[in-house]
Structures are given as C-alpha cells and as structure tokens.
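The sequence shown begins at 5 in our numbering and counts up by one.
Notes follow once the structure below has been shown.
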Amino acid sequence: MLKQVTLGALALGAGAALIRRLSYQAGFGGQRRHASQSEAEYREAKTRILILGAGFGGMSTALTLDKLLKRQRDTSVLVVDRDNSTLFTPLLWPVANGTASPNSVVVPIRAFQRNRNFHVLHAHIDRIDLENRVVYVAGAKPRPYDILVISLGSVTRVPDLPGFRERALLFASPADALTLRNRLIDAIERAHRATDPDERRAALTFVVGGGGDTGVEVAATIWDYLESGLLAEYPWLAGERPRVVVVGRSERLVPTSPKRVSRAVQRSLETKGIEVQVGSAILSVTDTAVYTSQGEIPAHTIFWAAGTTAPRIVQDLPVEKARNGAVLVNDYLRMREYPNVYVIGDSGWGYDAQTGDPLPPTAQAAEQQGKYIAKLIAASLDGQASKPYSPRSLGHLVLLGRHAGVAHVGPLTFTGLPAWLLWHSYYLSHIPSWRNRVHLLTGWLLAALTGRETTQLRLNAGLRE
Ligand SMILES: Cc1cc2nc3c(=O)[nH]c(=O)nc-3n(C[C@H](O)[C@H](O)[C@H](O)COP(=O)(O)OP(=O)(O)OC[C@H]3O[C@@H](n4cnc5c(N)ncnc54)[C@H](O)[C@@H]3O)c2cc1C
Numbered sequence: 005m006l007k008q009v010t011l012g013a014l015a016l017g018a019g020a021a022l023i024r025r026l027s028y029q030a031g032f033g034g035q036r037r038h039a040s041q042s043e044a045e046y047r048e049a050k051t052r053i054l055i056l057g058a059g060f061g062g063m064s065t066a067l068t069l070d071k072l073l074k075r076q077r078d079t080s081v082l083v084v085d086r087d088n089s090t091l092f093t094p095l096l097w098p099v100a101n102g103t104a105s106p107n108s109v110v111v112p113i114r115a116f117q118r119n120r121n122f123h124v125l126h127a128h129i130d131r132i133d134l135e136n137r138v139v140y141v142a143g144a145k146p147r148p149y150d151i152l153v154i155s156l157g158s159v160t161r162v163p164d165l166p167g168f169r170e171r172a173l174l175f176a177s178p179a180d181a182l183t184l185r186n187r188l189i190d191a192i193e194r195a196h197r198a199t200d201p202d203e204r205r206a207a208l209t210f211v212v213g214g215g216g217d218t219g220v221e222v223a224a225t226i227w228d229y230l231e232s233g234l235l236a237e238y239p240w241l242a243g244e245r246p247r248v249v250v251v252g253r254s255e256r257l258v259p260t261s262p263k264r265v266s267r268a269v270q271r272s273l274e275t276k277g278i279e280v281q282v283g284s285a286i287l288s289v290t291d292t293a294v295y296t297s298q299g300e301i302p303a304h305t306i307f308w309a310a311g312t313t314a315p316r317i318v319q320d321l322p323v324e325k326a327r328n329g330a331v332l333v334n335d336y337l338r339m340r341e342y343p344n345v346y347v348i349g350d351s352g353w354g355y356d357a358q359t360g361d362p363l364p365p366t367a368q369a370a371e372q373q374g375k376y377i378a379k380l381i382a383a384s385l386d387g388q389a390s391k392p393y394s395p396r397s398l399g400h401l402v403l404l405g406r407h408a409g410v411a412h413v414g415p416l417t418f419t420g421l422p423a424w425l426l427w428h429s430y431y432l433s434h435i436p437s438w439r440n441r442v443h444l445l446t447g448w449l450l451a452a453l454t455g456r457e458t459t460q461l462r463l464n465a466g467l468r469e
C-alpha cells in the first residue's frame, strides 16, 4: 500500500514537473529577452503605450491590448508598477479572518506576462510630465510615451481629527489585514489581563469609522474573527461579549447601493450583535475612548475605512480634478486637456455616458474600463471610432462574516448562506491564477477542519541594538 502511494506521488510529481517545463518552454518566448532588449523595442516602436499601475485597471488594459494588438509589430506596451504583484483587494477579508495567507491574494505580474507581448518595469513612478509626454521613474531612465494610461488607484483619506491619525488603523493591504489580526489578539490579551470589568469591556470594544462597503466588511470581519476564531482560545472570556460599533456619516449603510441592500446589510450586522450608528460622525479619539456626534464609546481600538483620495502623483497633475483629487475624464475616459492620456479606475472621475451617474470606484469598474480603453486604443490605431463608455454592472457582493453576506444581482437580493457561497465562488473563480485558487481553497478547507489562524505575526523588521 505504502509503495503504491509513494509511486503514485512520484508519478504525480514527475507529471507536474513535466507540464511546468513544457509550459515554461512554450510560454516564455517573450520573457526570455533581456530587459535592455525589451526596453529598446519599446523605445523604438512607432506607437509606445505606457500603462501606469498593474492593478485591476492597468492589468485589464494590458491583457486586452495584448489580445487585440497581436499582429501590430510597430506598437509596444510597457506596464510600470512599484510592486511585483497585483493585489486582489476583495479577498483581503479571508486574510484578516485567519482563513487565508497573504500570498493567496496577490498574483505576480510576471505570471500575467507569460506568453504575452507586453513589457513590465518594476519601479516607483515619481512624476508624470504631460507636456513633454514622459514619465519619471525612480532608479531608471524616464519613459517616453505616445499613449498614456493612468491607473494608479487611490489611497485612504484620513481625517485630521484630534487624536485620530495616530490611533486609527487602516484597511487596504495584506499588511493591514495581518495588523487587524494582531491588534485583535493584543486586545483579547489585554482583556485577559484586565482586573477591572470596565477596562476589560473597553479592551473588547472595537469602533469602525465608515458605513460603506469596506466599513461594514471590516466590522463583520472583526466580529467573525473574534466569535469564530479567537475567543475559542480563551474559554474563560466566553461570558464577555465583544462590542463592535460601525459609525457611518450617511443616513444608511452602503449608501451608494439600493435601499434594500442597505437594509439587508444593517439587518445582518445587527442580528450578529454589531451596533450600527448611522448619521453619526467621529469627532475625536483618545487612548481610552472614541467620541462621536452620538456620544462616547469607551474603546482602545479604532479602524478607519471611509473615503479615498487619488495618490499624490495624480493630485499633482496640472489638470481638472474632482473633489477627491481624481482626474476628471470625458465620456471616453480621456483626460480632457490631453486626449492621448486615459485615466481609469480609482484615479479617474467620470460619468456614465448613458445615465450621467458617477462611475463607481470599484475593482469591477476598473477592469471594465481597462477593457474598454484597450478596445478604443486598438480601434483608433486602425482609424476607427468608438462609442462613449457606459458601464455594465455585474452586481454587488458584500461579505458579512461567517455564512453571512448580501448579494445584489440584477433584480435579486440574496442574504445569508447563499450570498456567502456566491461571494466565495465568484472571487475564487475571478482571481486570475490557479495557484492562488488552490491556496485559497486549501486555506478555507483547513480553517473549517482545524480552525482559524490565531498566531500573531509581527510585521516590523527584526530588532536591532
Ligand atoms: C479592503 C478593500 C476591499 C475592496 N473590495 C472590493 C470589492 O469587493 N469589489 C470591488 O469591486 N472593489 C473592491 N475594492 C475597491 C478596489 O480595490 C479598487 O476600486 C480597485 O483596486 C481600483 O483599481 P485601480 O486599477 O484603479 O487601482 P489598483 O488596483 O489599486 O492598482 C493601482 C496600482 O498602481 C500601483 N501604484 C500606485 N502608485 C504607484 C507609484 N507611485 N509607482 C508605481 N506604482 C504605483 C499600485 O502598486 C497598484 O498596483 C476594495 C478595496 C479595498 C481597499
């Protein structure tokens, strides 16, 4: 029996290695070139298309251009990003709730490049000179362009309230997801040490600023991680219910969604025991309390998950911008002042050409916009015109903890387990890598069988004297 298993495992391993080798040989035609060759090809091309950012918008532009421009030898595409991977933000929740590792939610950019005909530059972008059509990057020569696509995303805007900036924790990266876990563990340990019941209660209270998608998902994740993971390790704290409070400025949660979605989200949170303060603003924060327009909440931990702004490099561009610093674009997602420049995803601010509604700052929208402008660019290189951009909504999914969520697809709104299942299957199928899918699925199965990850992983560098 043991022999058969060993032989089977060896055969599987050899098969996998062979497939990997064959796909490597078949797929690396473009990648075998040295960087200097690809740079020369880019510089010498008649039409140089420079894509800034390899996130949702940038990658979908590059991948669609690759399909459409296959035969155009005089066109070259270069993608620049400071990271070597694309972060799949919707899947950050499983990292925070201890059912997935950070590596499962990032896909290396070089993996997208395999078999494809675009170049990649791993560098920090310092400045965009629109007048001279050139982009300055750290530690490398400036890159000229004929067509520029800006898809540099957004950053969280942190309000300047007393005590807030130094205490509020953000949620936008794998490091933030691990920090959430670490801080929850610190809080539980503090509650465990506390002898004063008020102090213990404050240690177990978590305030989340922001009633939009990210805010409600952070609140539900905190609740989920405590209730389904962490508190099981501290049975003597079982009688202490954690307190999670979501504070949102608007009169309803997820205010950009239809009212029935807002109602379903609020119901789901309140059924768990999460408190919802709508029409409320955070005013200040101290070490022991959060003050909102509805009163004081004794708490030691606050998360901020509301409001984004364009990155500094986009805000610095000498063109017309929206209130959040994103560049105003026309119906073709072009910069109004420079028609050879497209701004997509969170860095751009445009309106649906058919309905006049503002374009949403979502991954779904960024991906669609990337495909749209790739088609538009390919058509314009062939001398053809394109229609103005009008998005097509695929629906809206919100994950609200264990076996809970809200899914709004077409005219239907699901809640509970069906929404939770839809969320997991959609994002599992959507992440563009089999390796990540296998990692995620294994992580979820392992968590269901053996429990959540509850080790604290310090994110600071090693201690030095
Ligand atoms: C926690 C969280 C959960 C979310 N969940 C969802 C969801 O469920 N569904 C949904 O549709 N949307 C979701 N979003 C929103 C979604 O992530 C964004 O709308 C989307 O990423 C925008 O795509 P983008 O291409 O504009 O930017 P991004 O995908 O952020 O890509 C920007 C790229 O630019 C690079 N970059 C930025 N500055 C520089 C620089 N100076 N030099 C070099 N490179 C640079 C970055 O490294 C990054 O790769 C979520 C966001 C967060 C934070």
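For every residue, glycine included, the Cβ atom is placed at its ideal position computed from N, Cα and C.
C-alpha distance - residue i paired with residue j, whole-angstrom precision
i: V222; j: A326; result: 27 Å
i: L26; j: R462; result: At L26 the pLDDT is 44, less than 50, meaning the model places this residue with poor confidence and gives no usable figure here.
i: S42; j: Q117; result: 13 Å
i: E135; j: P322; result: 10 Å
i: L453; j: A314; result: 42 Å
i: R197; j: P106; result: 30 Å
i: T312; j: F168; result: 16 Å
i: L152; j: L401; result: 32 Å
i: D228; j: N334; result: 42 Å
i: E193; j: V251; result: 25 Å
i: T366; j: T93; result: 10 Å
i: G360; j: G409; result: 30 Å
i: F307; j: L91; result: 21 Å
i: D150; j: M339; result: 14 Å
i: L69; j: K379; result: 7 Å
i: T275; j: V249; result: 13 Å
i: V139; j: P112; result: 23 Å
i: R187; j: T305; result: 8 Å
i: P98; j: H407; result: 13 Å
i: L174; j: P148; result: 35 Å
i: I3; j: R256; result: Because the chain spans 5 through 469 in this model, residue 3 falls outside it and cannot be assessed.
i: S437; j: A115; result: 9 Å
i: P364; j: A370; result: 9 Å
i: E244; j: G233; result: 15 Å
i: G219; j: T260; result: 13 Å
i: N88; j: G59; result: 11 Å
i: G57; j: K263; result: 34 Å
Neighbourhood of residue i by C-beta, 6 Å cutoff - its chain only, sequence neighbours within 5 removed
i: Y295; result: L287 and S288
i: A383; result: S390
i: A179; result: L463
i: L426; result: A411
i: Q319; result: G329
Best match in the options for proximity to residue i [C-alpha to C-alpha]
i: D217; options: A451, G233, L273 and L184; result: L273
i: S284; options: G213, V345 and L337; result: G213
i: L165; options: I278, T290, A411 and R439; result: T290
i: R137; options: V442, L54 and E231; result: L54
i: L309; options: S254, A383 and G215; result: Looking at the sequence itself, residue 309 is Ala, so the reference to Leu does not match. Here the closest residue by C-alpha is G215.
i: S351; options: P112, I154, D70 and G59; result: I154
i: L230; options: G405, G349, T260 and L380; result: G405
i: A172; options: P392, V282, H123 and A303; result: A303
i: A156; options: G102, Y431, V162 and A330; result: According to the sequence provided, residue 156 is Leu. The question's Ala does not apply to it. Ranking G102, Y431, V162 and A330 by Cα distance to L156 puts A330 first.
i: V280; options: P239, V345, A224 and D320; result: A224
i: A100; options: P148, L184 and A176; result: L184
i: G374; options: Y393, A357, Q76 and Q319; result: Y393
i: G299; options: V211, K145 and Y336; result: V211
i: Q460; options: S297, R316, L182 and P343; result: L182
i: P422; options: S433, R439, L432 and L403; result: L403
i: E45; options: D202, Q76 and V282; result: Q76
i: A293; options: T446, L208, Y238 and E341; result: L208
i: R271; options: R316, G420, S297 and K145; result: G420
Beta-carbon contacts of residue i that lie in its chain and below 8 Å, excluding the five residues immediately before and after
i: R396; result: Q372
i: G399; result: A411, H412, V413 and G414
i: L235; result: I192, L241, A242 and P246
i: I435; result: F92, L95, V109, V111, R441 and L444
i: L73; result: T79, V81, N121, A382 and L385
i: I278; result: A223, A224, W227, V248, V249 and V250
Close-in-space but distant-in-sequence residues of the same chain around residue i (CB under 7 Å, 5 per side omitted)
i: A142; result: A127, H128 and D130
i: V265; result: V258, H400, V410, H412 and T417
i: A49; result: D78, T79 and S80
i: A430; result: Here residue 430 turns out to be Tyr, not Ala, going by the sequence shown. Counting only Cβ-Cβ distances below 7 Å, and skipping sequence neighbours, we find L401.
i: A66; result: I55, V81, V83 and F122
**Prompt:** Considering only residues of the segment 297-349, which uninterrupted alpha helix (DSSP H) runs meet the minimum length of 4 residues and lie entirely inside it, listed in chain order?
**Reply:** 316-319
**Request:** Run through the segment 71-122 for me and flag every whole alpha helix (DSSP H) of 4 or more residues, listed as ranges in chain order.
**Result:** 96-100 and 113-117
**Prompt:** Mind pulling the alpha helix (DSSP H) runs of 4 or more residues that sit fully within the segment 207-284?
**Reply:** 217-232 and 263-276
**Item:** alpha helix (DSSP H) runs wholly inside the segment 401-439, at least 4 long, in chain order
**Value:** 420-434
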